[in-house]
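Undergrad: If you're matching positions, the sequence shown starts at 73 in this note's numbering and goes up one per residue.
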Amino acid sequence: MPKRVLIVDDDPSILNLLENCLCKKYLVSLARDGEEALKKALETWPDLVITDVMMPKKNGFELCNELRFHSQLCDVPIIMLTALGRDEDKLQGFRMGADDFVVKPFSPADLKERVDRLLERTTRAREAKAPSGAALPPWEAHVEIPRGRISTGIKKVDTLLGGGLPISSNILLIGPMGSGKSSFCRSFIVEGLRGYEPSLFVVVDDNPALVKEKMNNLLARPPLDFYETNRLLALVDASSWASGLERIPGGQTLDSFQEINHLARAIADAGLELGQNPIAKRGGRRVIDSISSLFAHFELAVIQGFLSNLIRASTTHGGVTTVLTLEEGIVEEKLINNVEYFFDGVFETRKEGGNLLLRVASMKWFQVSDQWIRL
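#1: Would you tell me roughly how many angstroms separate the C-alpha atoms of N349 and A306, rounded to the nearest one?
#2: Can you tell which of I332, L78, E269 and T154 has its C-alpha closest to the C-alpha of A368?
#3: According to DSSP, is N410 helix, strand or coil?
#4: Rank A340, C136, N242 and I339 by C-alpha distance to the C-alpha of W437 and give the top, closest one.
#5: Indicate the three-state DSSP secondary structure (helix, strand or coil) for D230 in the structure shown.
#6: What would DSSP say about T224, mapped onto helix, strand or coil?
#7: Please go through the same chain and pick out, in chain order, the residues whose beta-carbon is closer than 7 Å to the beta-carbon of V100, but skip the five residues on each side of it.
#8: Kindly provide the ranges of any beta strand (DSSP E) runs that are 3 or more residues long and lie completely inside the stretch 128-190, ordered along the chain.
#9: In angstroms, rounded to a whole number, what distance separates the CA positions of T116 and L102?
#10: What separation, rounded to the nearest whole angstrom, lies between the Cα atoms of K253 and M435?
#11: DSSP state of P294, grouped into three classes?
#12: Could you check whether A342 and V395 sit closer than 8 Å to each other, using their CB atoms as the reference points?
#13: Roughly how far, in whole angstroms, is the beta-carbon of G247 from the beta-carbon of E420, given that I think they are within contact range, below 8 Å?
#14: Quick check on the DSSP output: the beta strand (DSSP E) that includes G247 runs from which residue to which?
#15: So, for V249: in the same chain, excluding its five sequence neighbours on each side, which residues have a beta-carbon less than 7 Å away from its beta-carbon?
#16: What is the residue span of the alpha helix (DSSP H) that V274 lies within?
#17: Among the residues of its own chain, which have a CB less than 7 Å from the CB of E412, if the five just before and after it don't count?
#18: In three-state terms, what does DSSP make of R104?
#19: Which same chain residues, not among the five before or five after I150, have their C-beta less than 7 Å away from its C-beta?
#20: If you compare alpha carbons, which of F178, A109 and S362 is closest to L89?
#21: What number of angstroms, rounded off, separates the C-alpha of G165 from the C-alpha of T154?
#22: Which whole-angstrom value describes the C-beta separation of P118 and D82, a residue pair presumed to lie in contact below a C-beta threshold of 8 Å?
#23: Kindly indicate the opening and closing residues of the alpha helix (DSSP H) around D341.
#24: Residues in its own chain within less than 8 Å of Q324 by CB, not counting five upstream and five downstream?
#25: I need the DSSP call for R384, collapsed to helix, strand or coil.
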């Protein structure tokens, strides 16, 4: 059976153009405003919605938001079609749940290609779901994230934690090189960006350009630059201090800082831009990957002071959830023991037989199974 497409626009010429463009392949229904569109959606149960933004009675943003909160229509892909081309307008559309944003004037062929691609993607996703009655492993089932928690970006880990990480918690992620720590951090930040949470990534022991590339691959759309432009992502490039790498565009470089407070200041300045500060209190996420280099350059008491200030800011800045990584085998165990108590939880990773494994070694505020799971 052909897929159903609902087109919403108060301009009859646009409705006519899009109907002629799509009717040969899809069952098309039309609406002239958001109110009529919502009624049509409940009557026809569309597989995809194309909506204008500026319309009488109910605009496209409001329509998008209502569809996303409807239990039977929340997964319907939505393309916003509008003359509003500013980044702020696109950001508003994505916040409301739009999957794509097309600016007028547009190419009908390009729009049709976007419709085809979105419907193919959602069809594949539905077909990939387990058939009715089939038992899913607990970590493959839907994970409900309760109030006061945030998703790590990895379903299995969220399930292990009973619904994600507590907001404003500080997690130490320990493991040998190549055991999945950086991959976890990227997933954690990307999950935040998908929810438009302010996200700060401090790159110490990696190539910042490679980190950006890998996060872009996870995000797909919109690209990472979109979040940087809209002050939702800040990248602090501390790699030049750690390994002599050159600065990359868009990163704040710490070329040769002599004292640990230079790093603290760079993190604070980047957080200020994101609203992670005592005034704006926008909360969000932070990653420092990794703090291993600090142990090679600073005394334990200095590191403890740095961590204490960083962790105290988690609450005062509106509930910032932070993940810091540490290389196992590079830092002495007794030094690790002297900083673990700062953290709300300690996660461990390892590589075994080609598989990346993770376990929750400890959580301060609730009990968690310490079983190893495959990432």
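For every residue, glycine included, the Cβ atom is placed at its ideal position computed from N, Cα and C. Please read all numbers here as calculations on a predicted model, not as lab measurements.
TA: According to the data block:
#1: Counting from one through the sequence shown, the residue named residue 349 turns up at place 277. Counting from one through the sequence shown, the residue named residue 306 turns up at place 234. N349 and A306: Cα-Cα distance of roughly 14 Å.
#2: If you number the sequence shown from 1, residue 368 lands on position 296. Checked all of I332, L78, E269 and T154; the closest Cα to A368 is I332.
#3: In the sequence shown, the residue the question calls residue 410 occupies position 338. If DSSP states are grouped into helix, strand and coil, N410 belongs with coil.
#4: By 1-based counting over the sequence shown, the position of residue 437 is 365. Nearest of A340, C136, N242 and I339 to W437, Cα basis: N242.
#5: Walking along the sequence shown from the start, residue 230 turns up at place 158. D230 falls in the helix class under three-state DSSP.
#6: Position 152 of the sequence shown holds residue 224. Reduced to three states, the DSSP call for T224 is coil.
#7: As a first step, residue 100 must be located in the sequence shown, where it is residue number 28. Cβ neighbours of V100 beyond the five flanking positions: V77, I79, E91 and L94.
#8: 150-154 and 172-175
#9: Within the sequence shown, residue 116 is the residue found at index 44, counting from 1. Within the sequence shown, residue 102 is the residue found at index 30, counting from 1. Their Cα atoms are separated by approximately 11 Å.
#10: To locate residue 253, count along the sequence shown from 1; it is residue 181. To locate residue 435, count along the sequence shown from 1; it is residue 363. So the two alpha carbons sit approximately 18 Å from each other.
#11: Within the sequence shown, numbered from 1, the residue matching residue 294 stands at position 222. The answer is coil: DSSP assigns P294 none of H, G, I, E or B.
#12: By 1-based counting over the sequence shown, the position of residue 395 is 323. By 1-based counting over the sequence shown, the position of residue 342 is 270. Cβ atoms of V395 and A342: not closer than 8 Å.
#13: As a working mapping, residue 247 is identified with position 175 in the sequence shown. As a working mapping, residue 420 is identified with position 348 in the sequence shown. With 8 Å as the limit, G247 and E420 qualify as a contact, their Cβ atoms being about 6 Å apart.
#14: Taking the sequence shown and counting its residues from 1, one reaches residue 247 at position 175. Note, G247: beta strand (DSSP E), N242 to G247.
#15: Locating residue 249 in the sequence shown gives position 177, counting from the first residue. Before going on, a small fix: residue 249 reads as Met here, not Val. Correct list, in chain order: E399.
#16: Taking the sequence shown and counting its residues from 1, one reaches residue 274 at position 202. Counting along the chain, V274 falls outside any alpha helix (DSSP H), though it belongs to the beta strand (DSSP E) covering S271 to V275.
#17: Here residue 412 refers to the residue found at position 340 of the sequence shown. Result list for E412: L244 and V418, in chain order.
#18: Counting from one through the sequence shown, the residue named residue 104 turns up at place 32. In this structure, R104 counts as coil in the three-state DSSP scheme.
#19: The sequence position of residue 150 within the sequence shown is 78, counting from 1. Same-chain partners within the cutoff: V121, T123, C136, L139, G169, A170 and D171.
#20: Locating residue 89 in the sequence shown gives position 17, counting from the first residue. Per the Cα distances, F178.
#21: The sequence position of residue 165 within the sequence shown is 93, counting from 1. The sequence position of residue 154 within the sequence shown is 82, counting from 1. Taken atom to atom, the span from the alpha-carbon of G165 to that of T154 is near 10 Å.
#22: Locating residue 118 in the sequence shown gives position 46, where the first residue counts as 1. Locating residue 82 in the sequence shown gives position 10, where the first residue counts as 1. With a beta-carbon spacing of about 18 Å, P118 and D82 fall beyond the 8 Å limit used to define contacts.
#23: Along the sequence shown, one-based indexing puts residue 341 at 269. In this chain, the alpha helix (DSSP H) harbouring D341 covers I332 to L346.
#24: On the sequence shown, position 252 is the one that residue 324 refers to. With a pLDDT of 45 at Q324, under the threshold of 50, the modelled position of this residue cannot be trusted, and the question is left open.
#25: What you label residue 384 is simply residue 312 of the sequence shown in a count that begins at 1. R384 falls in the helix class under three-state DSSP.
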